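In UniProt numbering, the protein residues as written are 1 to 635.
The beta-carbon is built from N, C-alpha and C at its ideal position, and this holds for glycine as well.
These numbers were taken from a predicted model, which means no experiment stands behind them.
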């Protein structure tokens, strides 16, 4: 069964609350002041059993301009709106403002109720209807029926109920499978129960016992009990008016505008990227950094508008804007909002959230505008791709993307599989968790690494390359080390890089020696191999050779990197040929004997105890031999 929210809108004293009572038999005014003054101040709530048998929640909004903030809190969850116009007054200022707000929030279905028809004659009534038709042109209410009613005499009420019922038949089901979001429009306490919050569940479901988190305050709680339309329920579904008893939370901890959701399912932000539409009849323009009042869900926040693609917005214009907020909020791409001028408080426009947790953006950047245009399409695949593109340097996980976009992980997995097939993204998996980057980011980072290594090789032509860990730290210091390793592996798999020992180089790079360098290399080899198992110290070798110290050290470093020379101590080296020969000799010896001692190894090599000890300790470290007391055997 569809879950439906019907709301009222219209000027003060045009009979919204009286009409609701005529439709439902129940009053929505609940404050003593409301009853005494005969006006609605806070939102009123009840339910309505439609002729078809469907039960709809009803939100009655205040009509006075002083209470427009409360009106805005009620509109965010409406499916169908009844615009109430009194026949004795016709279209009034708050009628127009409410209609503008409904249009900006992208309401799709509604009907006009012409109330107090018993107070005017036929001619006047027809004039008012013509005025209404003019006022609703080019709005979502254009061509909607105008139903004449008298709430006191109950005329036209059945017709109105039937027309509303028809509209609800065409509504799409709300998404009850997504992560839940409940913007709070009321907080109160009941003796014996504790803190109660109410609101319209925009998406998902909430069950008794669910662990929840209240954003943006990041307060953890648990759903103790649930009521839907005033009746106890085990579960609330998207599109229902809900009251939730929260465990372990005080009334003063919460505010109207907070959002009840699942733990870690949303992110807090001090900025929002939006498409902002300025009303044609706005009395104000918006300049860069104009201070505004933002109404998002049931929250009111002061902010400044940073215009990204225009110098200013004039009435009727639209633009891409980054709203810099004065307090935190939590939002989802696609959420609708209203802005009012800071002072005087006049509704001037509204629009759509394009990024719920953006980075700070510079104005008039072509790539920024292009990204926002993609997000404006509302295409889920393109939005997820663009989000991955924006966040690639952080390698977002499936969960992080779901939190960023306030959706479930299955949705992310389904879309990313399609993007992977199209080669638009790359996926890295470690410890069972998937992380994503965009193809553009991969290409960009590949280019940066290639350019860096090209320059590195030019300056260090005799080195095998840069240490792998040094390369990872240079480009991937702010992500998990394993992800940086996987990125480097991807470049190696693609034959862009290669690894030699611990060193990374460009795939086609080879160390090459010029004639002078080759002479030094040969001299070093001769100096070491002339006494292969009693090689000279590096310092002695440098003194002995008739070349500059820096040139010798540079060639030595290259030979050590390449594995031609084995560095066993700060000043002690063996040629690879001698090192390998020593290994062969110990293998041969241990094929005939169970163990070998240090003295036996020394004699085998015809060397000193010092050199034999250094070699054996290196063999132990590399698990070639295993020490047992004062003896060794093969590992």
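ask   = Opposite residue 353 in the DSSP bridges: which residues?
value = 274
key: Backbone secondary structure at residue 406 - three-state DSSP   = coil
key: Strand pairing of residue 203, partner residues [DSSP]   = 181
ask   = What beta strand (DSSP E) runs, 3 residues minimum, are completely inside the stretch 298–364?
value = 299–307, 318–329, 336–341 and 347–355
query = How about residue 509 and residue 457: do their beta carbons lie closer than 9 Å?
reply = yes
ask   = What runs of the alpha helix (DSSP H), each 4 residues or longer, lie entirely inside the stretch 504–582?
value = 515–529, 538–544 and 549–561
inquiry  = Judging by CA-CA distance, which residue of 251, 275, 170 and 358 is the nearest neighbour of residue 268?
reply    = 358
From 14, 20 and 557, residue whose alpha carbon lies closest to that of residue 88 = 14
ask   = In chain order, what residues of the same chain lie with their CB nearer than 7 Å to the CB of residue 221, ignoring the 5 residues before and after it?
value = 212, 214, 246, 247, 248 and 249
inquiry  = On the CB-based measure, 16 or more other CB atoms within 10 Å of its CB, does residue 403 come out buried or exposed?
reply    = buried
ask   = Since residue 372 and residue 354 are thought to touch, with beta carbons under 8 Å apart, how far apart are those beta carbons, to the nearest angstrom?
value = 5 Å
query = Who does residue 499 pair with in a DSSP beta bridge?
reply = 504
key: Closest residue to residue 361 among 322, 188, 568 and 482 (Cα-Cα distance)   = 322
ask   = When you compare each of 261, 623, 19 and 635 to residue 148 by their alpha carbons, which one comes out closest?
value = 19
ask   = How far does the beta strand (DSSP E) with residue 437 in it reach, from first residue to last?
value = 433–438
Where the beta strand (DSSP E) through residue 473 begins and ends = Not the beta strand (DSSP E): residue 473 falls in the alpha helix (DSSP H), residues 468–475.
key: Rounded straight-line distance, which links the Cα of residue 474 to that of residue 468   = 10 Å
query = Taking just the CA atoms, how far does residue 185 sit from residue 39?
reply = Residue placement at residue 39 cannot be trusted, given a pLDDT of 37 that sits under 50; what the coordinates show is reported in the next sentence. Roughly 19 Å separates the two Cα atoms.
query = For the stretch 499–515 against the stretch 575–588, are there 3 or more C-beta pairs whose distance is under 8 Å?
reply = no
request  = Quick one: using the 10 Å Cβ neighbour count with 16 as the cut-off for buried, is residue 637 buried or exposed?
outcome  = Beyond the ends of the chain as shown, which are 1 and 635, falls residue 637; an answer cannot be given.
query = Secondary structure at residue 47, three-state DSSP: helix, strand or coil?
reply = strand
request  = Go ahead and pull the three-state DSSP assignment for residue 587.
outcome  = helix
request  = Per DSSP, which residues does residue 225 bridge with? Please list them.
outcome  = 245
key: Cβ-based burial, residue 625 [other Cβ within 10 Å; buried from 16]   = buried
inquiry  = Pull the bridge partners of residue 452 from the DSSP assignment, please.
reply    = According to DSSP, residue 452 bridges with nothing at all.
Whole-angstrom distance between residue 155 and residue 266, CA atom to CA atom = 48 Å
Cross-strand partners of residue 599 (DSSP beta bridge) = The partner list for residue 599 (beta bridge, DSSP) is empty, contrary to what the question assumes.
message = Spatial neighbours of residue 37 within its chain, please: C-beta separation below 8 Å, excluding the five flanking residues on both sides.
response = Model confidence at residue 37 stands at a pLDDT of 38, short of 50, so the residue's coordinates are unreliable; what they give is reported in the following sentence. Closer than 8 Å at Cβ, skipping near neighbours: no residue.
query = Looking at the structure shown, is residue 57 part of a helix, part of a strand, or coil, going by DSSP?
reply = strand
Start-to-end residues for the alpha helix (DSSP H) that takes in residue 210 = Neither: residue 210 is in no alpha helix (DSSP H) and is coded neither H nor E.
key: Backbone CA spacing between residue 558 and residue 445 [nearest angstrom]   = 28 Å
request  = Report the rounded CA-to-CA distance for residue 181 versus residue 365, giving the unit in angstroms.
outcome  = 33 Å
query = In this structure, does DSSP put residue 122 in helix, strand or coil?
reply = helix
ask   = How about residue 239 and residue 201: do their beta carbons lie closer than 9 Å?
value = yes
Beta-bridge partners of residue 81, as assigned by DSSP = 7 and 110
query = Which whole-angstrom value describes the C-beta separation of residue 464 and residue 511, a residue pair presumed to lie in contact below a C-beta threshold of 8 Å?
reply = 6 Å
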